[in-house]
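All remarks here apply to the structure that follows.
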Amino acid sequence: MKVYAMNQLPFGSKHHALRKSTPTIALTVTFTLVLFTVFPLCYPLLGYPLYLLKSFSKSQISISSYVAVKYGSIYENESEQKCDIFTGEWIPNPHAPYYTNTTCWAIHEHQNCMKYGRPDTGFMKWRWRPDGCELPVFNPAQFLEIVRGKSMAFVGDSVGRNQMQSLICLLSRVEYPIDVSYTPDEHFKRWRYPSYNFTLATFWTPHLVKAEETDAYGPTHTGLFNLYLDEFDEGWTAQIEEFDYVIINAGHWFYRPSVYYENRQVVGCRFCLLENVTDLPMYFGYRKAFRTAFRALNSLENYKGITFLRTFAPSHFENGEWNKGGDCVRRRPFRSNETSLEGVNFELYMTQLEEFKLAEKEGKKRDNGMTKLLITLVLIILAPMIPLYILNISSPIWLPYKSSESRKCDIFRGTWISY
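If you count by this note's numbering, then the sequence shown holds residues 2 to 420, one letter each, in order.
Structure below.
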């Protein structure tokens, strides 16, 4: 895993290697747009999202010149202002939604809100507007051109699967993919866009590590699982080397009763109610699982892809838990002063970041020529239905510029900064 200084771009240093890095830069900032468009329903953390990592002053990101990337071309510009796309507000968008259950087959039928009684559609008609500039609408044709000849995998639970389905729906305005799955198992799907030689895949691994269900009901009627916290889940680790982009996530399955194993020995459990087994907090298994997942990625000699970490998605229920009077009837996103990250959500989020940092540090020790860069998605607080995740790059961060003559910003023009 490579390290980059503030005045360097990933996959090359300064301007002389910029043309090699163009596809990666363009994909990274385009993926930001994808995530803003896929789930336009939530509100972010209060203030700049990096306050949980490290704060920095305006002077630290004052760079006189920058490299601009747009449609594969590179040019310099010194007359534009910077725009932070990670702070802003959700505003009404009368042009949304860009797809529905009736216009896109990729969404599972049981996720059809309208079919099962949702009376309104306004919750889908929002868009993110950063402070001081405007984001362009996601361009599916441009995205497919950027990822031509590439492959992308979503690894984790249903949140990752939903993101893949939403991306398929967004891209459907240009082309529908063909099913090239290796197995009939719906948990392991592969889709190929023949005109662009682009492949999407999803790998079901809600615990990220080797796991088995030992009781379908368990103490809470949500199952009982054995989690082998130090063992790779080869259902995804054995196939992931071939992918150029890997989006990894895990979360709510760790709430379920589980027995924790290390070296094939029971070391504790979460609410398993088994005699002589120590009850441990959920954070124990969660931390170990991410540590093992990152270790798996770092150990793959032939993996030269970019890894995205999609952080924990808070529960959408308000006024109580799902089985204790909680509801999920919100019809508009939170405003910037209405919510914050705290409690269990904060602990799980920080657990992920801590393990991410350790994995990043370990990856830097073994420079074997791989162009691997771990990238983190900063957690966004819940809103009407589905969580949104904003792309935020760790070492460095892409900061778009806005025009000095208008509020419009082009996320393909900007500069890489470090925090």
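Don't be surprised by glycine CBs; every beta carbon is placed ideally from N, CA and C.
As summarised for the region 319–371, the continuous alpha helix (DSSP H) elements at least 4 residues long and confined to that stretch are 344–366, given in chain order. Note: Ala154 is bridge-paired with Ala202, Val247 in the DSSP secondary-structure output.
Here Leu274 is exposed. Its C-beta has fewer than 16 other C-beta atoms within 10 Å.
Contact check between the region 304–314 and the region 226–236: fewer than three CB pairs, one atom from each, fall below 8 angstroms, which does not count as touching. Secondary structure of Cys170 (DSSP, three-state): helix. For Glu263, the enclosing beta strand (DSSP E) has its first and last residue at 259–263. Sequence-distant Cβ neighbours of Ser182 in its own chain, meaning closer than 6 angstroms and more than five residues away, are Lys190, Arg191. In the DSSP assignment, Lys211 falls within the unbroken beta strand (DSSP E) covering 210–216. Within the same chain, and ignoring the five residues on either side of Gly252 in sequence, the residues whose Cβ sits closer than 6 angstroms to its Cβ are Phe313, Ala314. With respect to Gln353, Phe291 sits close: the two C-beta atoms are nearer than 8 angstroms. Per DSSP, the continuous beta strand (DSSP E) segment holding Glu90 begins and ends at 89–93. CA-to-CA, the gap between Ser173 and Glu235 works out to about 31 angstroms. The alpha carbon of Tyr194 has as its nearest neighbour, out of Thr203, Pro220, Ile169, the alpha carbon of Ile169. In chain order, Glu242 place their CB closer than 6 angstroms to the CB of Tyr304, counting only its own chain and leaving out the 5 sequence neighbours on each side.
One Cα belongs to Ser259, the other to Val210, and the distance between them is close to 13 angstroms. Comparing alpha carbon positions, the residue from Gly150, Val175, Met125 closest to Arg332 is Met125. Between the region 353–366 and the region 126–145, the count of Cβ pairs shorter than 8 angstroms is below three; the stretches do not touch.
In the structure shown, Val278 adopts coil according to DSSP, grouped into three states.
Around the beta carbon of Gly286, 16 or more other beta carbons sit within 10 angstroms, so the residue counts as buried.
The beta carbons of Asp328 and Glu339 sit about 17 angstroms from each other, so the pair does not count as a contact at 8 angstroms. Beta-bridge pairing by DSSP links Pro131 to Gly89. Looking only at Ala154, Cys84, Gly161, the smallest Cα-Cα distance to Thr238 is reached by Ala154.
For Pro131 against Gly157, the beta-carbon gap comes to about 27 angstroms, at or over 8 angstroms, which does not count as contact. Secondary structure note for Phe144: its alpha helix (DSSP H) is the uninterrupted segment 141–147. When only Cα atoms are considered, Lys289 and Leu171 end up about 35 angstroms apart. At a Cβ-Cβ threshold of 8 angstroms, Gln166 and Ile108 count as neighbours. The beta carbon of Thr203 lies closer than 6 angstroms to those of Phe155, Arg162, Met165, Lys190 in the same chain, with the five residues before and after it left out. Rounded to the nearest angstrom, the gap between the Cα atoms of Thr206 and Gly123 is 33 angstroms.
The C-alpha of Asn94 lies about 17 angstroms from the C-alpha of Ile86. For Cys114, same chain residues with a beta-carbon under 6 angstroms away, outside a window of 5 residues either side, do not exist.
Here Ile179 is exposed, its C-beta having fewer than 16 other C-beta atoms within 10 Å. When DSSP reads this structure, Asn227 sits in a beta bridge with Glu213, Val260. Counting other Cβ atoms within 10 Å of its Cβ, Trp323 stays below 16 and is therefore classed as exposed. In the structure shown, the three-state DSSP call for Tyr194 is strand. In the three-state reduction of the DSSP assignment, Glu176 falls in the coil class, being assigned neither a helical nor a strand state.
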